[in-house]
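Reviewing the structure listed below.
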Ligand SMILES: *Cc1c(COP(=O)(O)O)cnc(C)c1O
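Residue numbers (the working numbering): 349 to 781.
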């Protein structure tokens with residue numbers, strides 16, 4: 349009964365001849381689940397359609413941005429209007445100010461915002477800003493957190509780096525990697541130790557306040573407060589990488605949910621409403637170090653691109669309505685209850701983590717609180733689960749080291765279908781254990 353994916357197979361063969369690995373981002377390769385990637389034709393609401401005409405209920409959301417579902421009419425309307433005016437000018441437009449004002453409104457820790465073209469650019473620039481502002485070189489990052497593919501942050505990273513099982517990357521010089529100190533997530537003592545040793549050399553500490561790129565893990569009670577305090581005490585900047593969690597866990601991101609104000613915040617994904625956008629933001633005193641207001645150089649030919657800004661603004665305007673987050677929570681809660689009931693029924697060695705509309709089903713019976721716990725998951729079992737789900741028409745991230753996303757487009761019926769697919773998959777896999 350396996351779904352036919354002849355056209356995808358052919359497209360992948362063709363792509364591999366002209367694109368490294370056949371994909372433009374490693375996370376899209378299905379290598380960890382021992383499959384070939386599925387080529388997409390179109391998306392509609394909660395559904396993806398591949399080029400063979402198969403339909404899938406989608407929990408990837410383009411890795412986060414599509415919180416409203418595919419092709420929301422409000423966003424499409426704005427894009428069409430902008431398309432007629434022009435797609436890029438390399439000169440200021442009013443929509444850039446409008447979206448910045450909205451972000452400032454949503455985030456009390458933010459006075460000013462600089463737009464870039466990806467999450468990677470946002471975190472790279474945030475690190476440069478932290479170094480330039482403090483006059484220090486060292487950065488603390490947390491094991492398993494992913495902050496894009498910038499040199500300084502590609503050390504013990506999550507997402508595709510974790511999926512491929514590599515520690516760093518060839519091409520990142522030892523001198524660069526040396527300035528990045530890696531500590532485990534949710535481990536206060538490890539952070540204390542680093543500050544005791546290098547306190548006056550630390551420019552900043554960057555983290556995913558709720559992790560998504562090693563799967564979803566919440567901060568332990570008091571952990572973010574501790575990080576806020578120890579960075580303050582040592583004159584280091586606290587950087588929340590909210591590329592995934594921003595506008596996702598709450599309108600004001602994880603910093604609203606946990607009521608902590610970081611010094612610099614980075615955004616991406618939802619902020620572009622499906623177009624390539626990133627941003628970094630913070631208090632005026634820090635942000636005014638950026639050129640042309642200040643000496644730290646950072647620029648971009650397509651930064652603040654009007655098409656991207658229109659899609660982002662239309663998406664963020666929808667999220668003004670706080671009810672959206674209670675709706676997402678209700679959907680996510682329903683799925684959690686269903687999955688947990690299934691796990692219990694089969695006494696299945698799986699652990700479910702969720703914060704808001706982000707969740708991960710870990711294939712381990714033990715609690716998952718950091719990267720070492722994630723690494724103990726049964727990846728073979730995950731791969732089998734992934735295959736069962738895809739055959740049932742449910743499209744999940746093709747790696748254990750990723751977050752699943754709930755979009756507003758998912759109906760009660762869609763969720764029931766997913767819970768039933770999960771039931772059948774666990775039943776079948778349990779029989780083989
Ligand atoms: C996706 C992601 C990035 C990288 O963003 P890109 O747009 O892929 O460059 C950085 N940080 C976090 C937390 C992310 O989830």
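For every residue, glycine included, the Cβ atom is placed at its ideal position computed from N, Cα and C.
As the structure is a prediction and not an experimental result, all values here were calculated from the model.
Neighbourhood of residue i by C-beta distance below 7 Å, restricted to the same chain and skipping five residues each side
i	result
residue 618	412, 413, 415, 594, 595, 596 and 663
residue 620	413, 656, 659 and 660
residue 741	403, 404 and 405
residue 427	655, 658 and 659
residue 500	475, 487, 524, 527 and 528
residue 444	463, 652 and 657
residue 610	457, 586, 587, 588 and 603
Nearest to residue i (by Cα), restricted to the options the options
i	options	result
residue 391	367, 421 and 508	421
residue 590	352, 647, 455 and 719	455
residue 372	360, 394, 608 and 670	360
residue 616	779, 368, 418 and 467	467
residue 409	689, 522 and 755	755
residue 511	463, 379, 739 and 600	379
residue 797	761, 573 and 442	Outside the displayed span of the chain (349 to 781) sits residue 797, for which this structure offers no information.
residue 718	568, 488, 427 and 509	568
residue 646	602, 757, 444 and 462	462
residue 473	697, 634 and 579	634
residue 708	720, 695 and 683	683
residue 666	417, 540 and 603	417
residue 599	447, 471, 769 and 672	672
residue 383	765, 743, 760 and 770	743
residue 757	393, 612, 506 and 389	393
residue 771	760, 690 and 423	690
residue 773	520, 425 and 696	696
residue 484	545, 368, 549 and 638	549
Contact under 8 Å by Cβ, residue i with residue j
i	j	result
residue 531	residue 525	no
residue 529	residue 486	yes
residue 434	residue 649	no
residue 582	residue 547	yes
residue 712	residue 733	no
residue 763	residue 679	yes
residue 746	residue 381	yes
residue 632	residue 778	no
residue 357	residue 464	no
residue 776	residue 736	yes
Straight-line gap, residue i to residue j (C-alpha atoms, nearest Å)
i	j	result
residue 355	residue 385	11 Å
residue 430	residue 658	7 Å
residue 722	residue 715	9 Å
residue 557	residue 676	20 Å
residue 584	residue 551	5 Å
residue 674	residue 705	10 Å
residue 498	residue 480	17 Å
residue 563	residue 750	4 Å
residue 542	residue 449	37 Å
residue 566	residue 502	22 Å
residue 623	residue 469	15 Å
residue 577	residue 534	15 Å
residue 636	residue 493	28 Å
residue 395	residue 508	24 Å
residue 625	residue 693	43 Å
residue 752	residue 681	14 Å
residue 442	residue 652	10 Å
residue 478	residue 579	12 Å
residue 540	residue 490	13 Å
residue 440	residue 640	14 Å
residue 720	residue 482	32 Å
residue 471	residue 614	6 Å
Residue i: CB within 7 Å of a non-hydrogen atom of ligand 1
i	result
residue 556	yes
residue 494	yes
residue 607	no
residue 591	yes
residue 690	no
residue 466	yes
residue 617	yes
residue 862	Outside the displayed span of the chain (349 to 781) sits residue 862, for which this structure offers no information.
residue 561	yes
residue 471	yes
Neighbourhood of residue i by C-beta, 6 Å cutoff - its chain only, sequence neighbours within 5 removed
i	result
residue 767	686
residue 787	A question about residue 787 goes unanswered here, because the residues of the chain that appear run from 349 up to 781.
residue 452	458
residue 748	725, 727 and 730
Other residues of its chain near residue i: CB distance less than 8 Å, five sequence neighbours each side excluded
i	result
residue 352	400 and 402
residue 571	534 and 536
residue 518	none
residue 520	499, 502 and 503
Near ligand 3: residue i beta-carbon under 7 Å from a heavy atom
i	result
residue 553	Absence of ligand 3 is noted for the structure shown, with ligand 1 being the only ligands found.
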